[in-house]
Amino acid sequence: MMEKEELFGKTLNELKEVVAKLGMAKFVASQIADWLYKKDISSINEMRNLSKKTKALLNENYTYGTTAPISVQESNDGTKKYLFETLNGKFIETAYIPELKRNTVCVSTQVGCKMACEFCMTGRQKFHGNLNAATIVNQIRSLDEWHRISNIVYMGMGEPMDNLPEVLKSLEIITSDWGLGISPRRINVSTIGLLPNITEFIQNSDANLAISLHSPFDNERAELMPIQKASPIKDVITELRKYDWSGKRRLSFEYIVFDGLNHSDLHVKELAKILNGLKYRINLIRFHNIPDSPLPSSDDENMIKFQQKLKAKGIITTIRASRGQDIDAACGLLSTKKLL
Ligand code: SF4
């Protein structure tokens, strides 16, 4: 027997195709979208405003399609780490980070990752597949807290620009009025700087962009991030200069601080130089030591000093609060290696 397709994860246009194929009235597509992306149900039978016949026809051909997490761990600070099993029997993690004024979900876009960044647990797990849009959006929609989610960051497992078609589709579902209706201003997509995909992303989405920088010096960056050789940060910056970042759409650079390694006066000077003229902010991230890595964790005092020096150069610089470290949900710690 053929496996039934899921309705969840389809765009409004795709739902229109579904209803046309099944001979249903056009408006049924919007009704289905409403049940998929706005209501707390988990089966086609609960779509109350559809006729019995319509529901039966849908049930014959499709499933509702959301997938509940298989486990959740909660940190002392309220951060939660959800574990999901994906369609092909692999596992992914999603972090939920509640704060005073916002609640953020950090979604994964791939199982593992090809990019092999030195400081990242996901990178060590290697690549095991792309997530489709449904699986990305499911990481938001199937959390108990989904109505309370105000912000989304694409900073979990995987490199979003390496799975761009599905990432763009997921963004369409998340930001559309017929979908989850979350403003693109509240979404931040993070990349290590993959050209030419960044260009396609900028032109096809309004979400904010965060570039993982970690060092302004080519050799040093290449040691941390192999992508530097194929897609040098200076080329990425040249590309970013073609667009306007002074409006509501934000550009930021993520900068993991490794103690004694990438926060000297020379780094400050070079950062100000290569980013000169762009409208951006820098987000400093504390490095969490990972097993068997020579890279040193960040020292609070050095991070604050580095922040002050960058600020003195006129660069808006924040230090990201570290959340969920005790359950390995903090930046760079997501990994389902033990489950593969
Ligand atoms: S930091 Fe991001 S791009 Fe680099 S290995 Fe980890 S998940 Fe992949």
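If you read the sequence shown in my numbering, its first letter stands for residue 508, the second for the next number, and so on.
No residue lacks a Cβ here, since even glycine has one placed at the ideal position from N, Cα and C.
Every value quoted in this text rests on a predicted model; they were computed, and no experiment measured them.
By the criterion of a C-beta distance shorter than 6 Å, residue 659 is surrounded in its chain by 612, 694, once the five residues flanking it on both sides are discounted. Shortest gap from the CB of residue 629 to any heavy atom of the ligand SF4: under 6 Å.
As computed with DSSP, residue 611 is found in a beta bridge with 604, 658. By alpha-carbon distance to residue 585, the top candidate from 712, 733, 610, 647 is 610.
Remark: the C-beta of residue 620 is in contact range of the ligand SF4, defined as less than 6 Å to any heavy atom.
Residue 746 and residue 656 have their C-alpha atoms some 32 Å from each other. In this structure, DSSP gives residue 788 an extended state, which the three-state scheme calls strand. Non-local C-beta neighbours of residue 780 in its own chain, meaning closer than 8 Å and more than five positions away in sequence, comprise 723, ordered along the chain. Remark: fewer than three beta-carbon pairs, one from each stretch, lie closer than 8 Å, so the stretch 676 to 691 and the stretch 722 to 737 are not flagged as touching. Straight-line spacing of the CA atoms in residue 805 and residue 765 works out to 5 Å. Runs of alpha helix (DSSP H) with 4 or more residues, each lying fully within the stretch 511 to 546, are found at 519 to 528, 535 to 544, listed in chain order.
The C-alpha of residue 551 is placed about 47 Å away from the C-alpha of residue 744. Taking C-beta separations shorter than 7 Å and ignoring five residues to either side along the sequence, the partners of residue 753 in its chain run 786, following chain order. Here residue 783 is exposed: its Cβ has fewer than 16 other Cβ atoms, across all protein chains shown, within 10 Å. In the DSSP secondary-structure assignment, residue 581 is bridged to 587.
In this structure, residue 761 and residue 720 form a Cβ contact; the two beta carbons are roughly 6 Å apart against a cut-off of 8 Å.
Note that the C-beta distance between residue 597 and residue 635 is below 7 Å. Residue 639 carries a coil assignment under DSSP once its states are collapsed to helix, strand and coil. Only residues of its own chain outside the window of five on either side were considered, and among them 730, 731, 732, 800, 802 have a CB closer than 8 Å to the CB of residue 625, listed in chain order.
C-alpha of residue 532 to C-alpha of residue 672: approximately 29 Å in a straight line. Closest by C-alpha distance to residue 574, out of 641, 618, 616, 707, is 641.
Here the alpha carbons of residue 767 and residue 650 stand approximately 40 Å from one another.
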